[in-house]
Amino acid sequence: MRVGQNPAKSIESVPQPQKVTIAVVSYIPFLSGYYAQALDVLKACLESLWAHTAEPHDLLVFDNASCPEVRTYLQEAHQQGRIQYLVLSQHNVGKGGAWNFIFQAAPGAFIAYADSDILFRLGWLESSLAILQAFPQAGMVTGRPMRTPEKFYNQTLDWARQAGDVQVENGSFIPWEVYREHVLSLGTGEEQARQWYDSRSDWRLTRQGVSAMIGAAHFQFTARKAALAQFLPFKMDRPMGQVRSLDEQMNAAGYLRLATLEPLVKHMGNQLEPGVGPQTTSARRPARLLDLPFIKKALLRLYDTIFRLYHSP
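Following this line, the structure appears as structure tokens:
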């Protein structure tokens, strides 16, 4: 039996979602070892997003069973109204599981996805949306130029060569420092990065006065929700390592994989650079014997083995 009328009936309107949902996935199981600075990196990611995103949007954070300290931080940000949608998963369902939820639940017509170790720079979202507008066939747009294997963008190149209203240019358009910043953040050595840079080239497309580089990446991209929905559900039985399936499926379906001309997002990795966000003690420590490359590599391999024993299903 109901007594009285539900007060909600007197509410004549409710807030409508923004056309863009920015989605971030976090996974920080503890704050030591590889993850010692991960919470600081997450804070730097979200602070840069809040500071450098002028386009109206809603923020959705999907947390993949992080430790209590991370969840407390996210809950406080949600209570402050800085996060519009906060999902706290009881288990780590992997990036594929998080994508399955986000790409269906996000209320916006556009989804701007990012891993939790991405630093945003002013204009990143506006530039990505401009490319999506100028290239309706675009499936995903990453906020920095990069050089990816041709097997992930050959359909983009084929389309551009056949389109009558697209200018196609090939050359070295990405400055060395821009290329180096990203490749070194992935753990590649300086010598290898330079070798790759000198042996590869870039493709630049221009349509309706808007230019974009060919190439995109799953760590950060903006896409139409309707396009992403075609690839659901993602069947990934490991937390990481299978996310290339989105790149492959996008390309196979004929969607363009593009990027902005300028580096408007940055991959931070698991450590903060000096001057970016809160600096931990470990970031400022002097060189030690444990930091010698051959010792560090062996210990990190041991750490990875132990982590897998305890945290793999």
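Heads up, the sequence shown stops at 294 in this note's numbering, and the numbers go up one at a time, no gaps.
Don't be surprised by glycine CBs; every beta carbon is placed ideally from N, CA and C.
Notebook entry, point to check: So, do the stretch 112 to 131 and the stretch 172 to 184 have three or more beta carbon pairs nearer to each other than 8 Å?
Noted result: yes
Check: Can you tell me the Cα-Cα spacing of Ala210 and Ile276, whole angstroms?
Finding: 45 Å
Next item on the list: Would you tell me roughly how many angstroms separate the C-alpha atoms of Ile155 and Ile195, rounded to the nearest one?
Entry: 11 Å
Check: Thinking C-beta only, is Arg205 closer than 8 Å to Ala90?
Finding: yes
Note to self: Threshold first: 4 residues or longer. Then list the alpha helix (DSSP H) segments lying entirely within the stretch 5 to 78, N to C.
What the structure shows: 19 to 33 and 49 to 60
Checklist line | DSSP three-state assignment for Met194, whether helix, strand or coil | finding: strand
Notebook entry, point to check: Which residue or residues does DSSP assign as beta-bridge partners of Ile83?
Noted result: In DSSP, Ile83 forms no bridge with anything.
Next item on the list: Can you give me the Cβ contacts of Val68 inside the same chain, cut-off strictly under 6 Å, excluding the 5 residues immediately before and after it?
Entry: Phe43
Check: In three-state terms, what does DSSP make of Leu106?
Finding: helix
Check: Since Met249 and Val22 are thought to touch, with beta carbons under 8 Å apart, how far apart are those beta carbons, to the nearest angstrom?
Finding: 5 Å
Checklist line | Paired residues, beta bridge with Arg240 - DSSP | finding: It is Ala, not Arg, that sits at residue 240 in the sequence shown. Thr123 and Met194, per the DSSP bridge assignment.
Checklist line | N-terminal and C-terminal residue of the beta strand (DSSP E) that Tyr94 is part of | finding: Phe91 to Asp96
Notebook entry, point to check: Grouping DSSP H, G and I as helix and E and B as strand, with all else coil, what is Asp146?
Noted result: coil
Next item on the list: For Asp179, count neighbouring Cβ atoms within 10 angstroms of its own Cβ and tell me buried if that reaches 16, exposed if not.
Entry: exposed
Next item on the list: Give a yes or no on whether the C-beta atoms belonging to Ala174 and Val159 are separated by under 8 Å.
Entry: no
Next item on the list: Measure the alpha-carbon distance for Glu172 versus Ser153 and round it to whole angstroms.
Entry: 18 Å
Margin query: With distance defined between alpha-carbon atoms, name the residue in Ser70, Ile64 and Gln114 nearest to Asp39.
Written below: Ile64
Checklist line | Assigned secondary structure, Lys247 (DSSP; H/G/I helix, E/B strand, else coil) | finding: strand
Note to self: Here's the rule: buried if 16 or more other CB atoms are within 10 angstroms of the residue's CB, otherwise exposed. What is Ala234?
What the structure shows: exposed
Next item on the list: Note down the Cα distance separating Ile99 from Gln60, rounded to an integer number of angstroms.
Entry: 23 Å
Next item on the list: Taking the CB atoms as reference points, tell me whether Val246 and Arg102 lie closer together than 8 Å.
Entry: yes
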